[in-house]
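Residue numbers (my numbering): 30 to 512.
Using N, Cα and C, we set each Cβ at its ideal position, and we do this for glycine too.
One structure below.
In structure tokens form, the structure reads like this:
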């Protein structure tokens, strides 16, 4: 054979073998990656080829599906019942912009592509099955109370069952209707929502940590009692009024100059929200002890899934004594989500045990068989039973005689803590109003823990307070939960 022909033949054979090898590699190893690629249009077509499974609240679906209509190869689009009410829970499922919150986390279950929905033959053929269903822990009465009470304020509210960890309400305002952006031709609505300076797409209940102000004093009080710095909430503290921040000339004053805050007990200091007491208490404990207690409650946890991932609430490190004192009143670089502050009240209400918060109880297939279940009452001890009992007693004093009177619920034991957090350089912007609380029906044993944050109500600066703005929202939520 001619040498040139022979060399050419060998070269061509090598090319054929290379092509066969590449084809085998793609089919055997890269097929899944290509199939799962977000740019693969066939995935979106398959996702919306049939009605999606539903997200359910108290036995009733708050989602649905409808025909997309002409001009698209995506046969069905997502619809929502009371979309604005439940947007912070469901998120959105959009043919153009993807999916968020529960819609995103359980997308494979809801569109029928989750491998757990398939039998072995279907897993091989990748046949799409009937979609599954997501069952939430949300109580519609509490959710409605939260959303309606927030009204046109910019803020958020969370309610948790302290014993089980079930999230009963998760509201964020301003909200939006996910149906407006569920199709492929909703560009105008999307631009409106993403361009809105009030950020309606942000889930403020889970994903906007802000300074918690005086609600954080509960954490400092817990640290002081657990450490033995003070024997009880009725032991006088060593707290000059006014208190000068360590190694500075800066005086930490109280909102109410006439309040009996000098050397006040923890009960009195919570009742009047005495900054001097908790600033000095944090400095006396030191940042490490305060941080340790904050982290026991859930601060600095970057992996808090409910199952939607909540942004970490932060208790900082590397502070000097003056900064540590400011952290004791929920300022400096301390931040918290409403979920986190609800967890603080929930642990105190539950005798010092914190149940893992969750808003999904079960995920089931089309026959109702469970794919995943989330147990109630997965608890860990945060503080002793004695400390929890003393803090509850002091929180009751706040509501009955102190700064939280607007949270009272007839016939129920209610304890709470107000907070007004500074905002902007030198507190130049409108403060944030906070309230965290628990309520218990003594006749039934039913209980609930709540946190409310008002980022902006439109009220004059002088009218912003935890009791004036946030406590009434919490009151309506607690009343709805105990009915």
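Let me know the secondary structure DSSP gives residue 167 once reduced to three states. As a working mapping, residue 167 is identified with position 138 in the chain shown. Looking at residue 167 - three-state DSSP - the assignment turns out to be coil, as it is neither helix nor strand.
Does DSSP classify residue 162 as helix, strand or coil? Counting from one through the chain shown, the residue named residue 162 turns up at place 133. In the structure shown, residue 162 sits in a strand (DSSP, three-state: E or B).
Proximal residues to residue 271 (C-beta, below 8 angstroms), its chain only, five neighbours per side dropped: Counting from one through the chain shown, the residue named residue 271 turns up at place 242. Around residue 271, the same chain offers 280, 281, 282, 283 and 305 as residues with beta carbons nearer than 8 angstroms, after the five sequence neighbours per side are excluded.
Taking buried to mean at least 16 other C-beta atoms within 10 Å of its own C-beta, is residue 63 buried or exposed? Sequence index remark: in the chain shown, residue 63 carries index 34 (1-based). With a pLDDT of 45 at residue 63, under the threshold of 50, the modelled position of that residue is not reliable, and no figure is offered here.
Mind the definition here: the region 397-411 touches the region 218-238 only if three or more C-beta pairs lie below 8 angstroms; say whether that holds. No contact exists between the region 397-411 and the region 218-238.
From the DSSP output, in three-state form, read off residue 64 for me. The residue given as residue 64 occupies position 35 in the chain shown. In this prediction, residue 64 has a pLDDT of 49, which is less than 50 and means its spatial position is unreliable; nothing more can be read from the coordinates.
Inter-residue CB distance, residue 412 and residue 134 (contact presumed, cutoff 8 angstroms): As a first step, residue 412 is located in the chain shown; it is residue number 383 there, counting from the start. As a first step, residue 134 is located in the chain shown; it is residue number 105 there, counting from the start. Contact doesn't hold; Cβ gap of about 32 angstroms is too wide.
Through-space distance from residue 418 to residue 124, alpha-carbon basis: Reading the chain shown from its first residue, position 95 is the one you call residue 124. Reading the chain shown from its first residue, position 389 is the one you call residue 418. When the Cα atoms are used, residue 124 and residue 418 turn out to be separated by approximately 51 angstroms.
Counting only the same chain and skipping the five closest in sequence on each side, list residues whose C-beta sits under 7 angstroms from that of residue 198. What you label residue 198 is simply residue 169 of the chain shown in a count that begins at 1. Answer for residue 198: 167, 168, 171, 172, 175, 186, 187, 188 and 506, listed in chain order.
Would you say the region 347-362 touches the region 245-259, given that touching needs at least three Cβ pairs under 8 angstroms? Verdict: yes, contact present.
Pick from 416, 462, 499 and 287: whose alpha carbon is nearest that of residue 437? Translated into positions along the chain shown, residue 437 becomes position 408. For the residues 416, 462, 499 and 287, the minimum Cα distance to residue 437 belongs to 499.
In whole angstroms, what is the alpha-carbon distance linking residue 410 and residue 76? Walking along the chain shown from the start, residue 410 turns up at place 381. Walking along the chain shown from the start, residue 76 turns up at place 47. Those two C-alpha atoms are separated by around 43 angstroms.
Residue 444: buried (16+ other C-beta within 10 angstroms of its C-beta) or exposed? Taking the first residue of the chain shown as 1, we reach residue 444 at position 415. Buried is the call here.
Less than 7 angstroms between the C-beta atoms of residue 158 and residue 141, yes or no? Within the chain shown, numbered from 1, the residue matching residue 158 stands at position 129. Within the chain shown, numbered from 1, the residue matching residue 141 stands at position 112. Yes.
Go through its chain and collect everything with a Cβ distance to residue 263's Cβ below 7 angstroms, but skip five positions before and after it. Here residue 263 corresponds to residue number 234 of the chain shown, with the count starting at 1. Only 294 and 296 meet the Cβ criterion.
Using only the alpha-carbon positions, how far apart do residue 423 and residue 301 sit? In the chain shown, the residue the question calls residue 423 occupies position 394. In the chain shown, the residue the question calls residue 301 occupies position 272. Whole-angstrom Cα-Cα distance: 11 angstroms.
Environment of residue 365 [buried if 16+ CB atoms lie within 10 Å]: Here residue 365 is taken as the residue at index 336 of the chain shown, counted from 1. Classification of residue 365: buried, given that the 10 Å Cβ count is 16 or more.
Whole angstroms are fine: how far does the CA of residue 307 sit from the CA of residue 269? Walking along the chain shown from the start, residue 269 turns up at place 240. Walking along the chain shown from the start, residue 307 turns up at place 278. Those two C-alpha atoms are separated by around 11 angstroms.
Could you tell me the distance, in whole angstroms, from the CA atom of residue 466 to the CA atom of residue 428? Here residue 466 corresponds to residue number 437 of the chain shown, with the count starting at 1. Here residue 428 corresponds to residue number 399 of the chain shown, with the count starting at 1. C-alpha separation (whole angstroms): 9 angstroms.
Relative to the C-alpha of residue 369, which residue among 128, 385, 380 and 355 is closest? Mapped onto the chain shown, residue 369 falls at position 340. Nearest in C-alpha terms to residue 369, of all of 128, 385, 380 and 355, is 385.
With DSSP as the reference, label residue 485 as helix, strand or coil. Translated into positions along the chain shown, residue 485 becomes position 456. Correct three-state label for residue 485: strand.
Taking the continuous beta strand (DSSP E) assigned at residue 186, which residues delimit it? What you label residue 186 is simply residue 157 of the chain shown in a count that begins at 1. Looking at the DSSP string, the run of the beta strand (DSSP E) that includes residue 186 is 183-189.
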